[in-house]
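The structure under discussion appears below in the form of structure tokens.
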Amino acid sequence: MSKRSFYIMFMLAVWAALASSFAQAAPAFRLGGNGTLNDISAHEYLEVWNDESKTTSIETLLKIDPHFEDYNFEKLKGAGFSNSIYWLRFKVMNTDKAAQTIYLKATDPQQYLDFYSLDADGKTVADSQKLGSFRPISLQRLTYRFPVMEINTKPGLNTYVLRMNILSVTFPYRFWTKNELLEKSRSDQVVLAFLFGSFFIMALYNVLLGITTHSVEYFLYCGYLTLFIVLQLFLTGAGRLYFNESWALL
Numbered sequence: 310m311s312k313r314s315f316y317i318m319f320m321l322a323v324w325a326a327l328a329s330s331f332a333q334a335a336p337a338f339r340l341g342g343n344g345t346l347n348d349i350s351a352h353e354y355l356e357v358w359n360d361e362s363k364t365t366s367i368e369t370l371l372k373i374d375p376h377f378e379d380y381n382f383e384k385l386k387g388a389g390f391s392n393s394i395y396w397l398r399f400k401v402m403n404t405d406k407a408a409q410t411i412y413l414k415a416t417d418p419q420q421y422l423d424f425y426s427l428d429a430d431g432k433t434v435a436d437s438q439k440l441g442s443f444r445p446i447s448l449q450r451l452t453y454r455f456p457v458m459e460i461n462t463k464p465g466l467n468t469y470v471l472r473m474n475i476l477s478v479t480f481p482y483r484f485w486t487k488n489e490l491l492e493k494s495r496s497d498q499v500v501l502a503f504l505f506g507s508f509f510i511m512a513l514y515n516v517l518l519g520i521t522t523h524s525v526e527y528f529l530y531c532g533y534l535t536l537f538i539v540l541q542l543f544l545t546g547a548g549r550l551y552f553n554e555s556w557a558l559l
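For the sequence shown, the working numbering gives the first residue as 310, with consecutive numbering after it.
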């Protein structure tokens, strides 16, 4: 191979590496001043790092600055369930001249979440929140049945890091404003009232049938229904919403 060919191949490899590194940087979420977000998915703005040691602290993370990869929903959604530690990183560009507050909402139960807002240098923590479906809902700054993280943005580029100790390896997060989230919370509670109200009527009906017919089968069905209700309390987030501190101790 001639020196010229070697030089050309070397430069192509360098350019390919640079292009790959730029491609792996997730874009910043741009926040304007229209006051609405309309349930925007956060997937394309997320970068993911799998903490295989499961011992990395936020201080260590900021010091070693590991390689984060773009969030790939198609790749991760089929990975099943495992007790994993994942770190997510995303950036928000506040194009207004004033500070704004938005929220990042999980769309299913997430066990333990530690959320960090970083200073402008990206090396120190400015604010932190401890959340999760296995923690009291009172720790959240906005009450909602699933974990909700408050994102305080200053004008310019803001960086955030989320540590997740979860069973599911999919991360369904979405951006909301406070008013949108409060409105959704009210509509959700109406749906939950109908759902668990119907469960209660079914259970009461079977108890009455068991008493009048002296059949054990109806009482056994009530036991099955009770287990199903407990499962739904967790999956829908209603357990931590209505039982708060007691639910977190289960």
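Virtual Cβ for every residue (Gly too), placed ideally from N, Cα, C. Given the structure is predicted, the values throughout are model-derived calculations rather than measurements.
1) Relative to the C-alpha of Trp-485, which candidate in Asp-348, Ala-335, Pro-336 and Leu-529 has its C-alpha closest?
2) State the start and end residues of the unbroken alpha helix (DSSP H) segment that holds Thr-521.
3) Identify, in the order they occur along the chain, each residue of the same chain with its Cβ nearer than 6 Å to the Cβ of Tyr-425, setting aside the five sequence neighbours on each side.
4) Express the C-alpha separation of Leu-536 and Glu-526 in angstroms, rounding to a whole number.
5) Rounded to whole angstroms, what is the Cα-Cα separation between Ala-407 and Leu-340?
6) Please name the residue, chosen from Ala-351, Leu-501 and Ile-520, that lies closest to Ile-411 on a Cα-to-Cα basis.
7) Rounded to whole angstroms, how far is the Cβ of Thr-416 from the Cβ of Arg-483, which I believe are closer than 8 Å?
8) Under the three-state reduction of DSSP, which class applies to Ser-447: helix, strand or coil?
9) When you compare only the Cα positions, how much space is there between Thr-345 and Gln-498?
10) How far does the alpha helix (DSSP H) with Gln-541 in it reach, from first residue to last?
11) Could I get the ranges of all uninterrupted beta strand (DSSP E) runs contained in the segment 375-444, with 3 residues as the minimum, in chain order?
12) Suppose you measure from the CA of Gln-449 to the CA of Thr-369; what does that come to, to the nearest Å?
13) For Arg-549 versus Leu-501, is the C-beta distance shorter than 9 Å?
14) Compare the Cα-Cα distances from Ile-460 to each of Arg-398, Gln-409, Thr-404 and Lys-432 and report the closest residue.
15) Out of curiosity, what's the CA-to-CA distance linking Leu-397 and Met-458?
16) Is Ser-393 near Lys-432, with beta carbons less than 9 Å apart?
17) Along the alpha helix (DSSP H) that carries Leu-370, what are the first and last residues, could you check?
18) Just to confirm, is the Cβ distance from Gln-534 to Ile-475 under 9 Å?
19) Using DSSP with H/G/I as helix, E/B as strand and the rest coil, what is Arg-339?
20) By DSSP's criteria, Ser-362 is part of a beta bridge. Which residues make up the other side?
21) Quick check: the Cα distance between Asn-467 and Ile-373, rounded to an integer number of angstroms?
Short version:
1) On the sequence shown, position 176 is the one that residue 485 refers to. For the residues Asp-348, Ala-335, Pro-336 and Leu-529, the minimum Cα distance to Trp-485 belongs to Asp-348.
2) On the sequence shown, position 212 is the one that residue 521 refers to. That run of the alpha helix (DSSP H) goes 487-522.
3) For the purposes of this step, residue 425 is identified with residue 116 of the sequence shown, where counting begins at 1. Around Tyr-425: Ile-367, Val-434, Ser-437 and Val-470.
4) In the sequence shown, the residue the question calls residue 526 occupies position 217. In the sequence shown, the residue the question calls residue 536 occupies position 227. Going by the C-alpha atoms only, they are around 16 Å apart.
5) Mapped onto the sequence shown, residue 407 falls at position 98. Mapped onto the sequence shown, residue 340 falls at position 31. Going from the Cα of Ala-407 to the Cα of Leu-340 covers about 11 Å.
6) Locating residue 411 in the sequence shown gives position 102, counting from the first residue. The shortest C-alpha separation from Ile-411 is found at Ala-351.
7) As a position in the sequence shown, residue 416 is number 107, starting the count at 1. As a position in the sequence shown, residue 483 is number 174, starting the count at 1. About 6 Å separates the two Cβ atoms, so the contact holds.
8) Against the sequence shown, residue 447 aligns to sequence position 138. Three-state DSSP puts Ser-447 in a helix.
9) Counted from its first residue, the sequence shown places residue 345 at position 36. Counted from its first residue, the sequence shown places residue 498 at position 189. Distance between the alpha carbons of Thr-345 and Gln-498: 22 Å.
10) If you number the sequence shown from 1, residue 541 lands on position 232. Element bounds for Gln-541: 525-544.
11) Counting whole runs of 3 or more residues, the segment 375-444 contains the beta strand (DSSP E) stretches 390-403, 409-415, 421-427 and 434-440.
12) Locating residue 449 in the sequence shown gives position 140, where the first residue counts as 1. Locating residue 369 in the sequence shown gives position 60, where the first residue counts as 1. Their Cα atoms are separated by approximately 25 Å.
13) Against the sequence shown, residue 549 aligns to sequence position 240. Against the sequence shown, residue 501 aligns to sequence position 192. It is not a contact, given that the beta carbons lie outside the stated cut-off.
14) Counted from its first residue, the sequence shown places residue 460 at position 151. For Ile-460, the nearest C-alpha among the options comes from Gln-409.
15) Walking along the sequence shown from the start, residue 397 turns up at place 88. Walking along the sequence shown from the start, residue 458 turns up at place 149. The straight-line gap separating the alpha-carbon atoms of Leu-397 and Met-458 is approximately 13 Å.
16) What you label residue 393 is simply residue 84 of the sequence shown in a count that begins at 1. What you label residue 432 is simply residue 123 of the sequence shown in a count that begins at 1. At a Cβ-Cβ threshold of 9 Å, Ser-393 and Lys-432 do not count as neighbours.
17) Residue numbering aside, residue 370 sits at position 61 when the sequence shown is read from its first letter. Unbroken alpha helix (DSSP H) run through Leu-370: 367-373.
18) Counted from its first residue, the sequence shown places residue 534 at position 225. Counted from its first residue, the sequence shown places residue 475 at position 166. The residue you asked about is not Gln; residue 534 is Leu in the sequence shown. The answer is no: Cβ separation not under 9 Å.
19) Residue numbering aside, residue 339 sits at position 30 when the sequence shown is read from its first letter. Three-state result, Arg-339: strand.
20) Start at 1 with the first residue of the sequence shown, and residue 362 comes out as number 53. Answer is none; Ser-362 lacks a bridge partner.
21) Indexing the sequence shown from 1 puts residue 467 at position 158. Indexing the sequence shown from 1 puts residue 373 at position 64. Taking the straight line joining both Cα atoms gives about 20 Å.
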